[in-house]
Ligand SMILES: Nc1ncnc2c1ncn2[C@@H]1O[C@H](COP(=O)(O)OP(=O)(O)OP(=O)(O)O)[C@@H](O)[C@H]1O
Ligand SMILES: [Mg+2]
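Now the structure itself:
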């Protein structure tokens with residue numbers, strides 16, 4: 001059992017702060033993913049939890065115990081790195097059991113745990129090989145085996161799949177998730193890949209510039225992003241944004257776009273009336289040619305670059321002064337330069353204030 005708590009945690013290199021006083025509670029058994037663009041402080045945060053970086057301010061607790069002053073080996077954690085860090089001259093089984101032997105575990109105990117770990121990871125046939133005789137995915141499994149065999153109270157992963165090709169990444173991603181279902185050890189997992197974050201996590205932490213933007217379950221991040229940053233980061237392609245002005249008229253509130261389209265906004269955000277705002281619409285929330293929504297707003301645009309993806313296609317175009325992407329069904333006979341009728345259901349429109357904060361009812 002191990003929950004992790006970060007309280008006002010700061011990391012500074014000399015006077016340069018890279019993590020700015022973050023608070024975070026990771027529950028026992030939880031699979032928590034830290035995601036964000038390069039340089040936002042994900043690895044630094046993970047390494048402070050691991051004890052590989054000193055903590056400049058605040059407190060980290062694992063299982064209620066302050067760990068700031070503890071060495072990595074005293075924290076009961078196991079970490080899996082991007083480069084796996086396997087010993088090239090040791091066999092797979094010696095790599096996996098290295099830590100146990102170092103701690104003078106008994107032979108029978110080591111053999112039992114090796115067999116169990118190898119079975120779960122499906123690497124029983126590889127135990128006598130050296131790392132160089134393994135594929136990337138197999139090396140990845142050995143690195144995980146080395147972490148698992150210690151039965152730690154926390155797993156830490158830093159971009160463990162980024163050396164693998166796209167197909168293997170998807171496969172290993174599913175394996176890691178399945179492994180967590182069998183062995184629900186508290187896990188903190190760092191990635192810059194939002195799809196990996198969404199598919200693996202119980203909850204996701206979105207980081208930006210050393211700050212936490214939002215902590216939420218994957219579906220909530222998608223449906224209720226707290227900020228423009230999160231809205232643009234989660235989803236592939238990300239949300240489209242438009243400059244707009246809030247207007248109150250005929251007893252209703254409208255967002256008026258640069259092309260004079262008026263989108264009714266039926267939400268308690270009267271304090272934004274008369275202000276410049278931004279609205280967001282996801283690529284998948286445009287309908288082309290027609291709409292089932294009774295109060296859909298119609299706009300016109302010209303198709304630009306078209307990217308067929310098989311199950312659907314992405315249409316790049318300019319709408320109301322913004323370069324955007326629209327997801328379209330694959331069977332549309334669409335060519336660059338074609339005129340498109342675009343329909344938007346106001347229920348799918350997000351509103352952001354000038355500071356980029358999203359506003360929702362209630
Ligand atoms: N030893 C160091 N000295 C000074 N600055 C550092 C040091 N290590 C990291 N940084 C800075 O801290 C910030 C956060 O780095 P970190 O490695 O945590 O980013 P990250 O989110 O893991 O990015 P990536 O996705 O590229 O791995 C970066 O701006 C980086 O340049
Ligand atoms: Mg990193």
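Residue numbers (the UniProt record's numbering): 1 to 362.
Using N, Cα and C, we set each Cβ at its ideal position, and we do this for glycine too.
Bear in mind the structure is a predicted one, so any value in this text is a computation, not a measurement.
- If you keep only unbroken beta strand (DSSP E) runs of at least 3 residues inside the stretch 36-107, you get 57-62, 77-80.
- When the beta-carbon positions are compared, residue 288 and residue 223 stay at least 8 Å from each other.
- The beta carbon of residue 306 lies closer than 8 Å to those of 313, 314, 315, 316, 334, 335, 336 in the same chain, with the five residues before and after it left out.
- Sequence-distant partners of residue 183 (beyond 5 residues in either direction) whose C-beta falls short of 8 Å from its own C-beta, in its chain, are 120, 148.
- Per DSSP, reduced to three states, the secondary structure at residue 348 is helical.
- Here the distance from the Cβ of residue 190 to the nearest heavy atom of ligand 2 is below 7 Å.
- Between the C-alpha atoms of residue 33 and residue 216 there is a straight-line separation of about 10 Å.
- Three or more Cβ pairs closer than 8 Å define a contact, and the stretch 107-119 meets that threshold against the stretch 132-149.
- Taking a 10 Å sphere around the C-beta of residue 293, we find fewer than 16 other C-beta atoms and assign the residue as exposed.
- Annotation for residue 68: 55, 59, 60 place their beta carbon closer than 7 Å to its own, counting only its chain and skipping 5 residues before and after.
- The C-beta of residue 95 has 16 or more other C-beta atoms within 10 Å across all chains shown, which makes the residue buried.
- Closer than 7 Å to some heavy atom of ligand 2: that describes the Cβ of residue 158.
- Ligand 1 never approaches residue 107 closely enough for any of its heavy atoms to be under 7 Å from the residue's Cβ.
- At the C-beta level, residue 93 and residue 203 stay beyond 8 Å of one another.
- In this structure, DSSP gives residue 207 an extended state, which the three-state scheme calls strand.
- Residue environment: residue 171 is assigned as exposed (fewer than 16 neighbouring CB atoms within 10 Å of its CB, all protein chains considered).
- Residue 81 has its Cβ no nearer than 7 Å to any heavy atom of ligand 1.
- By the neighbour-count criterion, in which 16 or more other beta carbons inside 10 Å mark a residue as buried, residue 6 falls on the buried side.
- Between residue 190 and residue 91 a beta carbon distance of about 29 Å is seen, past the 8 Å cut, so the two are scored as non-contacting.
- Proximity of the beta carbon of residue 104 to ligand 1 is not indicated: no heavy atom of the ligand is located closer than 7 Å.
- In the DSSP assignment, the residues bridged to residue 324 are 317.
- If you check the CB distance, residue 352 and residue 284 do not come in under 8 Å.
- In this structure, residue 43 has its beta carbon less than 7 Å from a heavy atom of ligand 2.
- With a cutoff of 8 Å on beta-carbon distance, residue 2 and residue 188 are scored as not near each other.
- Placement of the Cβ of residue 98 at a distance of 7 Å or more from every heavy atom of ligand 1 is found.
- If you draw a straight line from the Cα of residue 100 to the Cα of residue 239, it is about 48 Å long.
- Following the DSSP letters along the chain, one finds residue 234 in no alpha helix (DSSP H), marked with neither H nor E.
- In the DSSP assignment, residue 240 is bridged to 281.
- Per DSSP, the unbroken alpha helix (DSSP H) holding residue 199 starts and ends at 194-200.
- Relative to the Cα of residue 301, the nearest Cα in the group 291, 311, 338 belongs to 338.
- Closest by C-alpha distance to residue 259, out of 356, 163, 298, is 298.
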